[in-house]
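Asks: Below is the structure I would like to discuss, written out as structure tokens.
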Amino acid sequence: MPAARKQRPAAVPDGPALKKALTTPLLYFFILGDVLGAGVYVLVGQVAADAGGAVWAPLAVALLLAMLTAASYAELATKYQRAGGAAHYTTRAFGPFAGFLAGFCMLAAGIVSVAALARGFGGDYLSAFVTLPVGLVAVVFLALLALLNARGIKESMRANVVATVVEVGGLLIIVALGAWLLLSGDGDPGRLTRFGTADEGAAAAVLSGSVLAYYSFVGFETSVNVAEETRDPRRSYPRALFGALATAGAVYVLVGIAASAAVPTDRLAASSGPLLEVVREAGGVPPLLFSAIALVAVANGALLTGIMASRLAFGMARDGLLPSPLAKVLPGRRTPWAAIAATTVPAMLLALTGSVAALASTLVLLLLVVFLMVNIAVLVLRRDPGAQAHFRAPTVLPVLGAASCVLLATQIEGRVWLRGLVVLAVGALLGAVAAARRAGRQAGPEPAEHSGGAAPGEH
Numbered sequence: 029m030p031a032a033r034k035q036r037p038a039a040v041p042d043g044p045a046l047k048k049a050l051t052t053p054l055l056y057f058f059i060l061g062d063v064l065g066a067g068v069y070v071l072v073g074q075v076a077a078d079a080g081g082a083v084w085a086p087l088a089v090a091l092l093l094a095m096l097t098a099a100s101y102a103e104l105a106t107k108y109q110r111a112g113g114a115a116h117y118t119t120r121a122f123g124p125f126a127g128f129l130a131g132f133c134m135l136a137a138g139i140v141s142v143a144a145l146a147r148g149f150g151g152d153y154l155s156a157f158v159t160l161p162v163g164l165v166a167v168v169f170l171a172l173l174a175l176l177n178a179r180g181i182k183e184s185m186r187a188n189v190v191a192t193v194v195e196v197g198g199l200l201i202i203v204a205l206g207a208w209l210l211l212s213g214d215g216d217p218g219r220l221t222r223f224g225t226a227d228e229g230a231a232a233a234v235l236s237g238s239v240l241a242y243y244s245f246v247g248f249e250t251s252v253n254v255a256e257e258t259r260d261p262r263r264s265y266p267r268a269l270f271g272a273l274a275t276a277g278a279v280y281v282l283v284g285i286a287a288s289a290a291v292p293t294d295r296l297a298a299s300s301g302p303l304l305e306v307v308r309e310a311g312g313v314p315p316l317l318f319s320a321i322a323l324v325a326v327a328n329g330a331l332l333t334g335i336m337a338s339r340l341a342f343g344m345a346r347d348g349l350l351p352s353p354l355a356k357v358l359p360g361r362r363t364p365w366a367a368i369a370a371t372t373v374p375a376m377l378l379a380l381t382g383s384v385a386a387l388a389s390t391l392v393l394l395l396l397v398v399f400l401m402v403n404i405a406v407l408v409l410r411r412d413p414g415a416q417a418h419f420r421a422p423t424v425l426p427v428l429g430a431a432s433c434v435l436l437a438t439q440i441e442g443r444v445w446l447r448g449l450v451v452l453a454v455g456a457l458l459g460a461v462a463a464a465r466r467a468g469r470q471a472g473p474e475p476a477e478h479s480g481g482a483a484p485g486e487h
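Numbering (the numbering used here), first residue to last: 29 to 487.
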């Protein structure tokens with residue numbers, strides 16, 4: 029059984045602190061909204077192409093694998109309640125170079141993801157209502173999200189609650205339509221037990237589909253960057269994290285069952301809007317409704333990813349891994365305005381250049397690298413008892429979590445590895461420079477000039 033360990037009183041974080049405004053329900057909706065993102069509206073067809081009619085199986089496997097790494101994040105987020113997430117944890121465990129590399133991978137993935145979602149918002153879904161230049165829509169969209177982010181975490185979370193309800197409502201409509209088709213005899217429940225494809229056997233097909241399905245659960249890791257803004261994170265964070273993942277997993281499995289039973293596998297796999305195929309098959313729901321729901325899902329995903337990226341940049345700056353001006357916060361609202369601006373501008377540039385597509389497929393690989401480092405870090409940091417009571421995962425979970433990252437990475441295509449290695453090489457180079465610069469500051473005669481305070485693990 030996971031347990032909370034009682035240690036010495038909590039230490040006050042170095043540098044400026046963020047306002048504690050998140051309750052357990054708000055944090056739950058934050059994680060659920062981030063996991064139930066725009067990807068699920070196109071993902072089911074791709075999973076069907078890889079795994080066959082039993083779409084639910086890779087989704088269930090991916091949920092179990094995500095839970096392993098989530099346990100490591102739950103321990104570290106409640107042990108070290110600071111923005112910065114994976115970068116902060118790996119800095120404590122392995123030093124500033126590893127911390128910078130983890131943070132760089134997360135930042136790269138987050139910025140590219142926000143840019144891709146911005147272009148998605150201005151694309152086909154919006155065209156169902158009005159035709160506008162995609163680049164212009166993307167820039168205005170990102171600017172509005174940045175303003176909402178800067179206004180305050182509570183305001184952003186309230187918007188997220190509404191958007192998450194809409195997203196989940198849309199997916200529940202798909203589940204209901206699938207059930208109606210089955211009950212009326214128009215569906216085919218036999219497809220639910222068809223594992224494998226013409227090219228791959230059952231086990232290989234499910235594993236291949238699990239890589240894509242794993243991406244649908246990505247988003248839970250962003251929540252660690254708001255642990256510092258959560259009231260009583262030791263109790264709230266694990267409950268919100270595992271509750272949101274379980275909810276998302278149940279919804280995904282039901283959606284997979286409904287879609288596969290309602291629509292022939294070949295047709296599902298060939299569609300870029302597989303859930304719309306369910307709507308068309310069942311009838312009774314206007315297709316435009318799903319365009320509207322998709323826009324809400326895209327906007328919500330971009331908002332939450334933007335919050336993650338800005339809090340990560342803020343935490344890295346406070347830890348000395350990025351320039352210290354990025355740790356500046358608005359005096360009244362205590363939101364990291366400098367980090368918000370610094371992550372929004374490159375996202376705008378990527379959205380305008382249209383280069384997002386070339387990097388989008390590397391996101392899973394970059395995150396698997398981060399997850400591997402986090403799963404190992406939680407074991408290394410067991411030597412530090414922590415400054416306060418915290419959640420503790422059974423040791424077997426981070427071990428299995430690390431193994432799952434390696435397993436999933438072996439299923440990623442070689443061309444994706446090539447792109448990912450380029451990003452990792454850039455991160456390694458910048459990390460070496462950052463580590464050397466920080467080491468020089470620490471060796472200098474005036475260490476008090478470092479406004480972010482002492483580095484993690486150097487006390």
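By construction, the Cβ of each residue, glycine as well, lies at the ideal position given by its N, Cα and C atoms. Keep in mind that this is a model prediction, so the values were computed, not measured.
(1) Candidates Leu317, Arg267, Ala366: which alpha carbon is nearest Glu195's?
(2) Check the DSSP bridge columns for Leu50 and list the partner residues they point to.
(3) Using a Cβ-Cβ cutoff of less than 6 Å, which residues in the same chain neighbour Val239 once the five nearest sequence positions on both sides are dropped?
(4) Return helix, strand or coil for Arg420, following the three-state DSSP convention.
(5) Just mark Ala98 as buried or exposed, buried being the case when its beta carbon has 16 or more other beta carbons within 10 Å.
(6) Quick check on Pro426: buried or exposed, where buried means 16 or more other Cβ atoms within 10 Å of its Cβ?
(7) Once you ignore the five residues that flank Ser338 on each side, which residues in its own chain have a CB closer than 7 Å to its CB?
(8) For Phe128, name the three-state secondary structure that DSSP assigns.
(9) Please confirm whether Met333 and Thr275 have their CB atoms less than 8 Å apart.
(10) By alpha-carbon positions, which one of Arg443, Gly148, Ala204 ends up nearest to Phe169?
(11) Please state the DSSP three-state secondary structure of Ala467.
(12) In the DSSP output, what is Gly80 paired with across the bridge?
(13) So Asp294 is in the alpha helix (DSSP H); what residue range does that whole segment cover?
(14) For Val324, which residues in the same chain have their Cβ closer than 6 Å to its Cβ, ignoring the five residues on either side in sequence?
(15) Excluding the 5 residues flanking Ala137 on each side, which residues of the same chain have their C-beta closer than 7 Å to its C-beta?
(16) At the level of alpha carbons, what is the spacing between Gly378 and Val140?
(17) For Ser212, is the classification buried or exposed, using 16 other Cβ atoms within 10 angstroms of its Cβ as the cut-off for buried?
(18) From Tyr101 to Gly311, what does the alpha carbon distance come to, in whole angstroms?
(19) Where does Asp214 fall in DSSP's three states?
(20) Alpha carbon to alpha carbon, how far is Ala166 from Gly459? Give it in angstroms, no decimals.
(21) With a CB to CB cut of under 7 Å and the five nearest residues on each side skipped, what residues in its chain are close to Lys107?
(22) Cutting at 7 Å between CB atoms, please list the residues of its own chain near Val246, excluding the five before and the five after it.
(23) Which of the three DSSP states is assigned to Leu400 in this structure?
(24) Output needed for Ala341: all residues of its chain with C-beta closer than 7 Å, excluding positions within five of it in sequence on either side, in chain order.
(25) My guess is that Ala456 and Leu129 are in contact by the Cβ rule of under 8 Å, so how many angstroms apart are they, rounded?
(26) Do the stretch 271-286 and the stretch 115-122 make contact, defined as three or more Cβ pairs closer than 8 Å?
(27) So which of Val306, Trp445, Leu173 has the shortest CA-CA distance to Leu492?
Replies: For this structure:
(1) Your numbering for residue 195 matches position 167 in the sequence shown. Answer by Cα proximity: Leu317.
(2) Here residue 50 refers to the residue found at position 22 of the sequence shown. Thr258, per the DSSP bridge assignment.
(3) Within the sequence shown, residue 239 is the residue found at index 211, counting from 1. Only residues of its own chain outside the window of five on either side were considered, and among them Leu436, Gln439 have a CB closer than 6 Å to the CB of Val239, listed in chain order.
(4) Within the sequence shown, numbered from 1, the residue matching residue 420 stands at position 392. Under the three-state reduction of DSSP, Arg420 is assigned to strand.
(5) The residue labelled residue 98 in the question sits at position 70 within the sequence shown. Under this definition Ala98 is a buried residue.
(6) As a first step, residue 426 is located in the sequence shown; it is residue number 398 there, counting from the start. By the neighbour-count rule (16 or more Cβ atoms within 10 Å), Pro426 is buried.
(7) Mapped onto the sequence shown, residue 338 falls at position 310. In chain order, Asn177, Pro364, Ala367, Ile368, Thr371 place their CB closer than 7 Å to the CB of Ser338, counting only its own chain and leaving out the 5 sequence neighbours on each side.
(8) Position 100 of the sequence shown holds residue 128. Under the three-state reduction of DSSP, Phe128 is assigned to helix.
(9) Position 305 of the sequence shown holds residue 333. Position 247 of the sequence shown holds residue 275. A small fix is needed here, since residue 333 is Thr in this sequence, not Met. Contact: no.
(10) Within the sequence shown, residue 169 is the residue found at index 141, counting from 1. The option with the nearest alpha carbon to Phe169 is Gly148.
(11) As a first step, residue 467 is located in the sequence shown; it is residue number 439 there, counting from the start. It is helical.
(12) What you label residue 80 is simply residue 52 of the sequence shown in a count that begins at 1. Phe223.
(13) To locate residue 294, count along the sequence shown from 1; it is residue 266. Element bounds for Asp294: 293-298.
(14) Taking the first residue of the sequence shown as position 1, residue 324 is located at position 296. So the list reads Ala191, Val194, once near-sequence residues are dropped.
(15) If you number the sequence shown from 1, residue 137 lands on position 109. The residues are Leu391, Leu394, Leu395.
(16) For the purposes of this step, residue 378 is taken as residue 350 along the sequence shown, with counting starting at 1. For the purposes of this step, residue 140 is taken as residue 112 along the sequence shown, with counting starting at 1. Reading off the sequence shown, one finds Leu at residue 378, where the question assumed Gly. In this structure, the CA atom of Leu378 is about 7 Å from the CA atom of Val140.
(17) What you label residue 212 is simply residue 184 of the sequence shown in a count that begins at 1. Answer is exposed; the Cβ neighbour count stays below 16.
(18) What you label residue 101 is simply residue 73 of the sequence shown in a count that begins at 1. What you label residue 311 is simply residue 283 of the sequence shown in a count that begins at 1. Between the alpha carbons of Tyr101 and Gly311 lies a distance of about 42 Å.
(19) Within the sequence shown, numbered from 1, the residue matching residue 214 stands at position 186. The answer is coil: DSSP assigns Asp214 none of H, G, I, E or B.
(20) Mapped onto the sequence shown, residue 459 falls at position 431. Mapped onto the sequence shown, residue 166 falls at position 138. Gly459 and Ala166 have their C-alpha atoms spaced approximately 30 Å apart.
(21) In the sequence shown, residue 107 corresponds to position 79, counting from 1. Taken in chain order, the residues that qualify are Gly414, His418.
(22) Taking the sequence shown and counting its residues from 1, the one referred to as residue 246 is at position 218. Hits under 7 Å: Leu395.
(23) Taking the sequence shown and counting its residues from 1, the one referred to as residue 400 is at position 372. In the three-state reduction of the DSSP assignment, Leu400 falls in the helix class.
(24) Working through the sequence shown from its first residue, we reach residue 341 at position 313. Counting only residues of its own chain and dropping the five nearest sequence neighbours on each side, Ala341 has a CB closer than 7 Å to the CB of Leu135, Leu350, Leu354, Ala367, Ala370, Thr371.
(25) Taking the first residue of the sequence shown as position 1, residue 456 is located at position 428. Taking the first residue of the sequence shown as position 1, residue 129 is located at position 101. Approximately 6 Å separates the beta-carbon atoms of Ala456 and Leu129; this is inside 8 Å, confirming the contact.
(26) These segments do not touch.
(27) Residue 492 is absent from the model: the chain starts at 29 and stops at 487.
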